[in-house]
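*Asks:* I'd like to ask some things about the structure below.
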Amino acid sequence: MGRLTEKEGRAEKARSDAIDRNIREDSKRFRKEHKILVLGPSDSGKSTIVKQMQIVHQAGYNERERAEYRTTIYKNVLDCVETLARVVGRVGVESLPEKVWEHAEVLLMTLSAPSGDDAESNAEMETESVESWITAIDSVDVGADPAPFTDAERTVEMDRESVDSGSWITASDFLSSIHRIADPAYVPNEEDILHARTQTRAIMETRFLMGDLAIRLFDVGGLRSERKKWIHCFESVTSIIFCAALSDYDQMLKEDRRVNRMRESLYLFESVINSRWFLRTSVILFFTKIDLFKEKLPRIPLERYFPEYSGGNDLQKAVKYLLWKFMQENRARLPVYPHVTKATNTTHFRLVYAVVKETIQRNALNNVGLVKVYATVKEKIQRNTLKYTKIL
């Protein structure tokens, strides 16, 4: 009898051990890390999306991380002021006071002077020169158009300086808050960090939990020279977030002034969505900078750069046309979920991130052959897509 009990005990332990193993395996499976690539040309809003992810899913930025953005914000302002001084000096605006002309010359001399051989010395110059240029900024009504050109003249001049409308508006926002920013005790808030513009020249990785999903988010360089670095991130990619700035339709690439930014977005999208690396990947297409696009469309006709477009300045028609252009490139027929967004809108992004999770779940269901369930999830995502794009 004792031996039977001992055998039963061993059998019970074996069953218990098997259950424990299954639980551990299930845990590993459900907590498996999912790779998401954030792709798109430079200045398309990729880095802003990554910042949003950190705010929503990692409790934002701590005091040290906020302080580190001071130099970036100072550089954004200085770049804007330097550009404005060059444009004013080249075009000539008779209505500007002589004092402003004098300050513009001083700013150009200061900003053009050598400031050291490395990024650290440059950052020191940018931080310590605040008091020297705040006087010049104070002499200008930053709420008014600093250079009263016609729309065409402004476009030509800013494009010549490689300034996109997003950079200009960002810097203008900072200029409007210049006394707060120039305060020695200034620490950037989340809104400042979202508006701060930096160039991604390396692969940046962010890890976080999205519900019960472990996410590895990769933000890769947007410049053409950086794209060859993506290759080692391609294996087992779950989803791609592809960013295209709607307001880029009249802009040229910084690295190649002959290439239109929107057409470059289309070219990059085509190369990504039809790549052999992404045959099992879903694509979330973010049309960013809808606010800038809405403001620009009546002034700068879309048909000037895309002659086949015939919808005038109707915002809905313009967005649908550009979406059609992107979808035409999807020869691989990958699932694509488009969303129109203002990248700095935190509330809206909380809704969009739910779609990222659903996309991951759709892939998981499809992998195990649950076709009917997959179809239901796909229908749900499509309904959400329509709901989330009703911000126009």
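Per our numbering, the very first residue in the sequence shown carries number 1219; after that it's consecutive.
Beta carbons: idealized from backbone N, C-alpha and C, even for Gly.
On the three-state DSSP scale, how would you describe residue 1228?
*Replies:* Reduced to three states, the DSSP call for residue 1228 is helix.
*Asks:* List the DSSP bridge partners of residue 1555.
*Replies:* For residue 1555, which the question treats as bridged, DSSP gives the partners 1502.
*Asks:* Exposed or buried, which one is residue 1463 when buried takes at least 16 other CB atoms within 10 Å?
*Replies:* Classification for residue 1463: buried.
*Asks:* Using a Cβ-Cβ cutoff of less than 6 angstroms, which residues in the same chain neighbour residue 1480 once the five nearest sequence positions on both sides are dropped?
*Replies:* Around residue 1480: 1466, 1467.
*Asks:* Under a Cβ-count criterion, where at least 16 other Cβ atoms within 10 Å of its own Cβ denotes burial, should residue 1413 be classed as buried or exposed?
*Replies:* It counts as buried.
*Asks:* Is the segment 1475 to 1492 in contact with the segment 1255 to 1263, if contact means three or more CB pairs nearer than 8 angstroms?
*Replies:* Short answer: they touch.
*Asks:* According to DSSP, is residue 1492 part of a helix, a strand, or is it coil?
*Replies:* In this structure, residue 1492 counts as coil in the three-state DSSP scheme.
*Asks:* In three-state DSSP terms, what is residue 1460?
*Replies:* Looking at residue 1460 - three-state DSSP - the assignment turns out to be strand.
*Asks:* My assumption, with CB atoms under 8 angstroms, is that residue 1544 sits in contact with residue 1484. Please give the rounded CB distance.
*Replies:* At roughly 6 angstroms, the Cβ-Cβ gap stays under 8 angstroms, so residue 1544 and residue 1484 are in contact.
*Asks:* Could you tell me the boundaries of the beta strand (DSSP E) in which residue 1267 lies?
*Replies:* Careful: residue 1267 lies outside any beta strand (DSSP E), inside the alpha helix (DSSP H) at 1264 to 1275.
*Asks:* For residue 1280, count neighbouring C-beta atoms within 10 Å of its own C-beta (all shown protein chains included) and say buried if the count is 16 or more, exposed if not.
*Replies:* Looking at its Cβ environment, which holds fewer than 16 other Cβ atoms inside 10 Å, residue 1280 is exposed.
*Asks:* Mapping the DSSP letters down to three states, classify residue 1514 as helix, strand or coil.
*Replies:* Residue 1514: helix per DSSP, three-state reduction.
*Asks:* Distance check for residue 1497 and residue 1550, CA to CA, integer angstroms please.
*Replies:* Each residue's Cα considered, the two are about 8 angstroms apart.
*Asks:* With a 10 Å radius around its C-beta and 16 neighbouring C-beta atoms as the bar for buried, classify residue 1288 as buried or exposed.
*Replies:* Answer is buried; the Cβ neighbour count reaches 16.
*Asks:* Alpha carbon to alpha carbon, how far is residue 1541 from residue 1458?
*Replies:* So the two alpha carbons sit approximately 17 angstroms from each other.
*Asks:* Could you round the C-beta distance between residue 1504 and residue 1461 to whole angstroms and report it? I think they count as a contact, below 8 angstroms.
*Replies:* That belief holds up - the Cβ atoms of residue 1504 and residue 1461 are roughly 5 angstroms apart, short of 8 angstroms.
*Asks:* Enumerate in chain order the residues of its own chain whose CB-to-CB distance from residue 1520 is below 7 angstroms, with the five nearest sequence positions on each side excluded.
*Replies:* Excluding sequence neighbours, residue 1520 sits near 1467, 1527, 1536.
*Asks:* Do you know how far the Cα of residue 1470 is from the Cα of residue 1476?
*Replies:* Each residue's alpha carbon lies about 7 angstroms from the other.
*Asks:* Near residue 1514, which residues of its chain fall below 6 angstroms by C-beta distance, leaving aside the five closest residues on each side in sequence?
*Replies:* Excluding residues within five positions, the ones whose Cβ falls inside 6 angstroms are 1465.
*Asks:* On the DSSP bridge list, what partners appear for residue 1437?
*Replies:* Note: residue 1437 sits in a beta bridge opposite 1256, 1422.
*Asks:* Could you please give me the residues that DSSP links to residue 1431 through a beta bridge?
*Replies:* The partner list for residue 1431 (beta bridge, DSSP) reads 1428.
*Asks:* Closest by CA to residue 1525, which one among 1405, 1396, 1264, 1539?
*Replies:* The shortest Cα separation from residue 1525 among 1405, 1396, 1264, 1539 belongs to 1539.
*Asks:* Looking at the unbroken alpha helix (DSSP H) that takes in residue 1540, where does it start and where does it end?
*Replies:* Segment 1533 to 1545, the alpha helix (DSSP H) holding residue 1540.
*Asks:* Where do the ends of the alpha helix (DSSP H) carrying residue 1410 lie?
*Replies:* Taken as a continuous stretch (DSSP letters only), the alpha helix (DSSP H) holding residue 1410 covers 1408 to 1413.
*Asks:* Spatial neighbours of residue 1434 within its chain, please: C-beta separation below 6 angstroms, excluding the five flanking residues on both sides.
*Replies:* Excluding sequence neighbours, residue 1434 sits near 1251, 1253, 1425.
*Asks:* Using the three-state DSSP reduction, which class does residue 1482 fall into: helix, strand or coil?
*Replies:* Reduced to three states, the DSSP call for residue 1482 is helix.
*Asks:* Can the beta-carbon of residue 1268 be found closer than 8 angstroms to that of residue 1509?
*Replies:* No, Cβ-Cβ distance for residue 1268 and residue 1509 is not below 8 angstroms.
*Asks:* So residue 1291 packs on residue 1406, CB below 8 angstroms; how close in whole Å?
*Replies:* At roughly 6 angstroms, the Cβ-Cβ gap stays under 8 angstroms, so residue 1291 and residue 1406 are in contact.
*Asks:* Assuming residue 1284 is part of the alpha helix (DSSP H), what are its boundary residues?
*Replies:* Taken as a continuous stretch (DSSP letters only), the alpha helix (DSSP H) holding residue 1284 covers 1281 to 1286.
*Asks:* Output the boundary residues of the alpha helix (DSSP H) element that contains residue 1400.
*Replies:* Note, residue 1400: alpha helix (DSSP H), 1396 to 1400.
*Asks:* If you draw a straight line from the alpha carbon of residue 1296 to that of residue 1553, how long is it in whole angstroms?
*Replies:* One C-alpha to the other measures close to 43 angstroms.
*Asks:* I'd like to confirm the pairing. Which residues does DSSP put opposite residue 1251 in its beta bridges?
*Replies:* In the DSSP output, where bridge partners are listed per residue, residue 1251 has 1432.
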